[in-house]
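Report on one structure; see the data block that follows.
In the UniProt record's numbering, the protein residues as written are 1 to 575.
Encoded structure:
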């Protein structure tokens, strides 16, 4: 079972989980890399969409005939410009676009007034990077340039340089040639918060960089990089060790052509999901092993315990101990084996007990042994009884010369003939009663008036069959030990009746009786083979009753010193 467990459970589970872990690790890593790539592509597309929205807005101003006309007219009075500004420019320069921080149109027309959304091309403006980029461009296409926020009142200084922290779309307004007398440039600033929100993608946990076509950093989420202070080449940036670089390049868009978005993701962050899956796989493997092990141990112990129990009982059968297996109901193969084993054991035991031993050996030997024991016991009773009877006749003949001797001898002969009949060990109650009367007549001849007796017999029991001389020894015992010691005479009461299916014989005398110790000793003999002193006749009767009736007969003795003796014998009634 241990080999089966390791080969079919433990090793397959370990190998399966190792393969599952490798596959899961590869899949999780690939999925994570795909998520990062998609997140970076999403940032790329969202930033492009924001830029295109601002470019579209710049196109609206670029193609607006009113804007071109208003910005190109010469105004004799400031009131004339203010009237047109309030009528049209103020309304379109403050539209409240979500992606726009500020819209401003610059012109070198000296007749316009520097006001909200309108600026003059001063020398300071012409020194700015975005103006130089527009002047160097040969077309009117929009340009994406990193600039400072226009609404700041003063230039944010850091290390003596302008801090450019937003993006702007700038382009020339020269769509209508008739209105190109003056130079006009529109500058639309994108919202810094919108740009930050685009690049703060949750799946991009590492620093992200926006690079222009020259490989310089235009924007970054790296908190340790001051990207707004100037042009920083990307190849000078120190990236985290053991990191993956993800690169998305803009193509097909004039104002973003060659720009890239690069993100540096640490390997630890990529493998963090792998480690999480590793813990799950490890816990799953532990659960599978523990659960499978517990089930197999439980089944193995159950099988082993029951098989060992069957083996132990098989060894008992080998030693002729046909004990069955006591177990609960079970429907598996071992349970069926146990049931069949018990059935086989009972059949073998029944076959041996009922057929071979009981039918061939036990019955014949037991009958022969009992017959021999009964004959031996009868041979012990007869001499003892005859000796007492002859002694009585002898003593009486010496004292008196009476004719009653013939009657006594006749009774004695009858007792003698009955005791010598070996082939008849069962007689009726009437025949037993006749023997008792013969014996009492002999004792009456001996003790004369000293002996009185009374016999009460139920007529229904006279035909009942009992073992020969079953009652006579108790009557003899009452005469010898109850009458003989008393000088003033004694009385013996004999009763034979039926109670239910039992035959009840009782004899009571008023002799000297027995002590409680002797009564207790008498009962001990009933449960053992202990002898009862000189009471050979009673002892032999009890032994014969044990052989014949086993535990189906009962005997009760009641006596105290000086109060006589009462004996009751109950045996099954036999027709």
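Glycine residues also receive a C-beta, built at the ideal position from the N, C-alpha and C atoms.
This structure is a prediction, so every number in the text was calculated from the model and none was measured.
For residue i, which option in the options has the closest C-alpha, if you only look at C-alpha atoms?
{"i": "residue 350", "options": "339, 326, 322", "result": "322"}
{"i": "residue 549", "options": "513, 503, 509", "result": "503"}
{"i": "residue 346", "options": "334, 325, 37", "result": "325"}
{"i": "residue 33", "options": "87, 228, 270", "result": "270"}
{"i": "residue 280", "options": "569, 24, 11", "result": "24"}
{"i": "residue 203", "options": "520, 105, 31, 484", "result": "31"}
{"i": "residue 572", "options": "554, 408, 561, 563", "result": "554"}
{"i": "residue 74", "options": "408, 518, 107, 515", "result": "107"}
{"i": "residue 570", "options": "520, 517, 507", "result": "507"}
{"i": "residue 262", "options": "319, 272, 199, 353", "result": "199"}
{"i": "residue 245", "options": "266, 343, 225", "result": "266"}
{"i": "residue 206", "options": "264, 190, 314", "result": "264"}
{"i": "residue 475", "options": "493, 135, 464", "result": "493"}
{"i": "residue 412", "options": "138, 234, 441, 425", "result": "441"}
{"i": "residue 181", "options": "71, 561, 194, 437", "result": "71"}
{"i": "residue 173", "options": "201, 138, 195", "result": "138"}
{"i": "residue 120", "options": "183, 176, 134", "result": "183"}
{"i": "residue 481", "options": "538, 449, 286", "result": "538"}
{"i": "residue 59", "options": "169, 13, 91", "result": "169"}
{"i": "residue 57", "options": "28, 96, 80", "result": "96"}
{"i": "residue 68", "options": "314, 448, 105, 230", "result": "105"}
{"i": "residue 489", "options": "505, 470, 510, 498", "result": "510"}
{"i": "residue 236", "options": "211, 486, 242", "result": "211"}
{"i": "residue 243", "options": "219, 258, 268, 260", "result": "268"}
{"i": "residue 287", "options": "13, 238, 234, 218", "result": "13"}
{"i": "residue 219", "options": "148, 433, 408, 515", "result": "148"}
{"i": "residue 118", "options": "133, 135, 81", "result": "81"}
{"i": "residue 439", "options": "88, 190, 415", "result": "415"}
Between the C-alpha atoms of residue i and residue j, what's the straight-line distance to the nearest angstrom?
{"i": "residue 42", "j": "residue 125", "result": "35 Å"}
{"i": "residue 142", "j": "residue 39", "result": "27 Å"}
{"i": "residue 461", "j": "residue 500", "result": "12 Å"}
{"i": "residue 221", "j": "residue 208", "result": "5 Å"}
{"i": "residue 430", "j": "residue 478", "result": "20 Å"}
{"i": "residue 558", "j": "residue 517", "result": "12 Å"}
{"i": "residue 156", "j": "residue 114", "result": "Model confidence at residue 156 stands at a pLDDT of 43, short of 50, so the residue's coordinates are unreliable and nothing is read from them."}
{"i": "residue 85", "j": "residue 66", "result": "11 Å"}
{"i": "residue 248", "j": "residue 223", "result": "21 Å"}
{"i": "residue 459", "j": "residue 496", "result": "9 Å"}
{"i": "residue 577", "j": "residue 8", "result": "With the chain covering 1 to 575 only, the question about residue 577 has no answer from this structure."}
{"i": "residue 525", "j": "residue 472", "result": "20 Å"}
{"i": "residue 159", "j": "residue 21", "result": "Reliability of the predicted coordinates at residue 159 is poor, the pLDDT of 43 falling under 50, and no value is obtained from them."}
{"i": "residue 541", "j": "residue 464", "result": "18 Å"}
{"i": "residue 560", "j": "residue 544", "result": "27 Å"}
{"i": "residue 352", "j": "residue 547", "result": "24 Å"}
{"i": "residue 18", "j": "residue 292", "result": "17 Å"}
{"i": "residue 487", "j": "residue 498", "result": "35 Å"}
{"i": "residue 213", "j": "residue 145", "result": "12 Å"}
{"i": "residue 556", "j": "residue 427", "result": "23 Å"}
{"i": "residue 308", "j": "residue 298", "result": "15 Å"}
{"i": "residue 177", "j": "residue 63", "result": "12 Å"}
Going by other Cβ atoms of all chains shown within 10 Å of its Cβ, with 16 needed for buried, is residue i buried or exposed?
{"i": "residue 94", "result": "exposed"}
{"i": "residue 282", "result": "exposed"}
{"i": "residue 128", "result": "buried"}
{"i": "residue 576", "result": "The question about residue 576 has no answer here: the residues shown for the chain are numbered 1 through 575."}
{"i": "residue 227", "result": "buried"}
{"i": "residue 152", "result": "For residue 152, the predicted structure reports a pLDDT of 44, less than 50, and the residue's modelled location is therefore unreliable. A value from the coordinates is still provided. It counts as exposed."}
{"i": "residue 318", "result": "exposed"}
{"i": "residue 164", "result": "buried"}
{"i": "residue 513", "result": "buried"}
{"i": "residue 44", "result": "buried"}
{"i": "residue 338", "result": "buried"}
{"i": "residue 564", "result": "buried"}
{"i": "residue 295", "result": "exposed"}
{"i": "residue 197", "result": "exposed"}
{"i": "residue 344", "result": "exposed"}
{"i": "residue 522", "result": "buried"}
{"i": "residue 304", "result": "exposed"}
{"i": "residue 154", "result": "No answer about residue 154 holds up, because its pLDDT of 40 lies below 50 and its placement is not dependable."}
When DSSP builds the beta bridges, which residues end up paired with residue i?
{"i": "residue 107", "result": "120, 184"}
{"i": "residue 172", "result": "185"}
{"i": "residue 63", "result": "In DSSP, residue 63 forms no bridge with anything."}
{"i": "residue 439", "result": "Per DSSP, none; premise fails for residue 439."}
{"i": "residue 572", "result": "502"}
Kindly say whether residue i, judged by its beta-carbon, lies nearer than 8 Å to any beta-carbon of chain D.
{"i": "residue 48", "result": "Here there is only one protein chain, and chain D is not present."}
Please go through the segment 456-528 and give each complete beta strand (DSSP E) segment of 3 or more residues, from N-terminal end onward. Qualifying beta strand (DSSP E) stretches, in chain order: 465-467, 490-499, 502-509.
In chain order, each alpha helix (DSSP H) run of at least 4 residues that lies wholly inside the UniProt domain "HAMP" (301-353): 333-350
Go through the segment 216-299 residue by residue and report every complete run of the beta strand (DSSP E) that reaches 3 residues or more, in order. 216-220, 243-249, 260-266
Going residue by residue through the segment 536-564, where are the continuous beta strand (DSSP E) segments of at least 3 residues, counting only ones entirely within it? Counting whole runs of 3 or more residues, the segment 536-564 contains the beta strand (DSSP E) stretches 554-559.
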